[in-house]
Ligand code: ADP
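Residue numbers (our numbering): 991 to 1255.
In structure tokens, the structure reads:
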């Protein structure tokens, strides 16, 4: 078997400073090493797909980037802010500041059931960004329109399809004016048809220049939309490269077996 280099740091625009830099990130759950020394540099506007078998650590890595999980060691830079986790836990206000830079969309939408679509997109704008109700409403309507759901503004999540709920969740994340967007298997569990509407919204977002990291099993979407594909196995990045190169001629046997399993599904 080929040697697996867990310390890959490839950043295609190497002449400029990366916008996001995860530097030797380690995260354990008890004795289990979920993220095993992962480094990744991402340029502004890059769209990265994170693929790999279930349990590989894709979700945990995204959660580390959003500090929903605090890494045990390593450092994380987003924009002009760096947090170092080696032997120290950053202060709560530092974590909060960093967390606001990244919007996150989960597999399970996580919308508030007692609020309308509009209410869901307004809430954090008022609570966290201290926008007035009118400001929050105006921004929410622009974003609901952008995800094709202006006509659902006054509907509750239970009155929306899974795909519509996910698009509301995307609008809600965008309402916080994030500098990058993290998507954790946003179309898993959706029918292909409604999933396609979600992927179309993501593709439009990528076209606006948003920096995006997407954990996904949608290989065709990964191939068409991302600049780079990162393959994770057992908490480590084992291969990365341009989508066509990874899909057509992966270097590692483990990547080949994974790809043939997902593409053949
Ligand atoms: P993926 O997203 O690639 O399916 P995950 O990041 O969800 O993988 O999980 C990586 C590993 O970490 C798995 O072995 C999983 O069981 C474990 N894990 C994830 N979250 C927790 C947690 N909160 N507590 C304990 N183990 C966890």
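Heads up, the beta-carbon is just placed ideally off N, CA and C, and yes, glycines get one too.
Measuring only from the beta carbon, is residue 1048 closer than 8 angstroms to any heavy atom that is part of ligand 1? Reading the chain shown from its first residue, position 58 is the one you call residue 1048. At a threshold of 8 angstroms, residue 1048 counts as near ligand 1, since its beta carbon sits closer than that to one of the ligand's heavy atoms.
So, helix, strand or coil for residue 1083, using DSSP? Within the chain shown, the letter at position 93 stands for residue 1083. The three-state secondary structure of residue 1083, taken from DSSP, is helix.
One or two residues paired with residue 1230 in a DSSP bridge: Position 240 of the chain shown, counted from the first residue, corresponds to residue 1230. For residue 1230, the beta-bridge partners assigned by DSSP are 1220.
Are three or more beta carbon pairs between the region 1082 to 1091 and the region 1013 to 1026 nearer than 8 angstroms? Taking 8 angstroms as the limit for Cβ pairs, the verdict is that the region 1013 to 1026 does not touch the region 1082 to 1091.
Is residue 1096 near ligand 1 - that is, is its Cβ less than 8 angstroms away from at least one heavy atom of it? For the purposes of this step, residue 1096 is taken as the residue at position 106 of the chain shown. Not so, every heavy atom of ligand 1 lies at least 8 angstroms from the Cβ.
Rounded separation between residue 1241 and residue 1229 - CA only: In the chain shown, residue 1241 corresponds to position 251, counting from 1. In the chain shown, residue 1229 corresponds to position 239, counting from 1. Taking the straight line from one Cα to the other gives about 7 angstroms.
Between the alpha carbons of residue 1132 and residue 1155, how many angstroms are there, rounded? For this step, residue 1132 is matched to residue 142 along the chain shown. For this step, residue 1155 is matched to residue 165 along the chain shown. Distance from the CA of residue 1132 to the CA of residue 1155, rounded to the nearest whole angstrom, comes to 17 angstroms.
Could you tell me the distance, in whole angstroms, from the CA atom of residue 1007 to the CA atom of residue 1076? Your numbering for residue 1007 matches position 17 in the chain shown. Your numbering for residue 1076 matches position 86 in the chain shown. The straight-line gap separating the alpha-carbon atoms of residue 1007 and residue 1076 is approximately 22 angstroms.
Sub-9 angstroms separation of residue 1041 and residue 1238 beta-carbons: Working through the chain shown from its first residue, we reach residue 1041 at position 51. Working through the chain shown from its first residue, we reach residue 1238 at position 248. Result no, Cβ atoms of residue 1041 and residue 1238 do not sit closer than 9 angstroms.
Assign residue 1193 to one of three DSSP states: helix, strand, or coil. Against the chain shown, residue 1193 aligns to sequence position 203. Note: residue 1193 maps to helix in three-state DSSP.
Give me the Cα-Cα distance between residue 1185 and residue 1153, rounded to the nearest whole angstrom. Sequence index remark: in the chain shown, residue 1185 carries index 195 (1-based). Sequence index remark: in the chain shown, residue 1153 carries index 163 (1-based). Taking the straight line joining both Cα atoms gives about 6 angstroms.
Just verifying my parser: in three-state terms, what is the DSSP assignment at residue 1074? Counted from its first residue, the chain shown places residue 1074 at position 84. Residue 1074 falls in the strand class under three-state DSSP.
Between the C-alpha atoms of residue 1236 and residue 1143, what's the straight-line distance to the nearest angstrom? Taking the first residue of the chain shown as 1, we reach residue 1236 at position 246. Taking the first residue of the chain shown as 1, we reach residue 1143 at position 153. Each residue's Cα considered, the two are about 40 angstroms apart.
When 1168, 1117, 1201 are compared against residue 1009, the one with the closest alpha-carbon: Working through the chain shown from its first residue, we reach residue 1009 at position 19. Considering only alpha carbons, the answer is 1201.
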